[in-house]
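What follows is a short report on a single structure.
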Ligand code: TYM
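In structure tokens:
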């Protein structure tokens, strides 16, 4: 029996921000540190996803290596054969499976993806690529190639995860057991110990998701921010005029977001942290507590980052990519046989 697979990826289209860290990096790194005997852990860089929206391509290589090094800095163990760190485009099966799945995916179902609607709404017609439209299919291929069961992602990726389940079931119904179907989203949250999907909000506009592609960057804390700058961003976070700290995302989105961030930084349930500060009326004092904690987190992370050199990271990437080409290649062959692109298995012996 092979171990169940936990898998996630973060695009390298810009520096990572704390929403990425809490939504996807931290849950998988926690698992990698504590459960790698029982699970295979795949943390990869979806480099092909990185330019579904326009980027500066001259920076992509550096960003990819930077992100891989950040994963190590955040605690991903590099010396464990059950933990894999790889670049998507170094495993060509991702692109090949995508094309096959594309041909079983409805135009209508992709058109309904809310993230496509949001992102394309912000771009001019000439900038909306077919890649942006199609990217949930590539994401499904990323997951299904490795039989992944658990996929920690932020709230904004829930619909894409549901699609990965749908297409896996559709293919299995049509061609027999081809894919492991990832666990339903609710079971995923239970597995990672979250009550619900995580959505860290923008500090300036707390009704909007914090995003690494945000143009102003004022409401976003990047993992590479100077710790003092990050603390300032927290001190100027938008709050409300209620003058009472309470966890109520609908009515006090700014304060609730800061409580979420503080709880995550401390590794405590938000209810516990919220009750500790409930009713505090001086928002400045509360923000200072969050700002100090954030500053300390970034100082530690950045110090750890400096202890890794590129050669160590590249060696891990290359070793994982060799192993992943084998695993992904085996899944791809299963699918190619099923859809008639390769002779069926029984002909192997002839
Ligand atoms: P990406 O690169 O946009 O974001 C990476 C991860 O960070 C999460 N995230 C957040 N979580 C909480 N609060 C926020 N404000 C916040 N902003 C971002 C995202 O939900 C995501 O988990 N398509 C994916 C990358 C991908 C992938 C995959 C993930 C490609 N293939 C296969 C899992 C499995 C994406 O664009 O994430």
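Numbering (this note's numbering), first residue to last: 2 to 351. All C-beta atoms in this analysis are idealised placements derived from N, C-alpha and C, irrespective of residue type, glycine included. Treat the numbers as computed from the prediction; the structure is a model and nothing was measured.
{"Query": "Cβ-based neighbour list, residue 211, same chain, cut-off 8 Å, excluding 5 preceding and 5 following", "Result": "18, 19, 20, 201, 202, 203, 204, 220, 221 and 222"}
{"Query": "Identity of the residue in 108, 234, 194 and 122 nearest residue 255 by Cα", "Result": "234"}
{"Query": "Range of the contiguous beta strand (DSSP E) that encloses residue 85", "Result": "84-88"}
{"Query": "Anticipated Cβ contact below 8 Å, residue 32 with residue 11, distance rounded", "Result": "Not confirmed; about 15 Å, so no contact."}
{"Query": "heavy atom of the ligand TYM below 6 Å from residue 220 C-beta", "Result": "no"}
{"Query": "Pick from 71, 23, 230 and 38 that is closest to residue 46, judged by C-alpha positions", "Result": "71"}
{"Query": "Start-to-end residues for the alpha helix (DSSP H) that takes in residue 123", "Result": "115-123"}
{"Query": "CA-to-CA distance, residue 199 to residue 76, given in whole angstroms", "Result": "21 Å"}
{"Query": "Local Cβ density within 10 Å of residue 174, reported as buried at 16 or more and exposed below that", "Result": "exposed"}
{"Query": "Short Cβ contact (7 Å threshold) for residue 168 with residue 102", "Result": "yes"}
{"Query": "Own chain, CB closer than 6 Å to residue 244, minus 5 neighbours either side, in chain order", "Result": "282"}
{"Query": "Three-way DSSP call (helix, strand, coil) for residue 17 in this model", "Result": "coil"}
{"Query": "Residue 89 versus residue 329 - alpha carbon distance", "Result": "11 Å"}
{"Query": "Exposed unless 16 or more other CB atoms sit within 10 angstroms - verdict on residue 58", "Result": "exposed"}
{"Query": "Residue 295 (DSSP reduced to helix, strand or coil)", "Result": "helix"}
{"Query": "Residue nearest to residue 98 in terms of C-alpha spacing, selected from 38, 29 and 337", "Result": "337"}
{"Query": "Buried or exposed (CB count within 10 angstroms, at least 16 for buried), residue 49", "Result": "buried"}
{"Query": "First and last residue of the uninterrupted beta strand (DSSP E) at residue 377", "Result": "Outside the displayed span of the chain (2 to 351) sits residue 377, for which this structure offers no information."}
{"Query": "Proximity test, residue 158 beta-carbon vs the ligand TYM heavy atom, cut-off 6 Å", "Result": "yes"}
{"Query": "Neighbourhood of residue 152 by C-beta distance below 7 Å, restricted to the same chain and skipping five residues each side", "Result": "8, 9, 144, 162, 183 and 189"}
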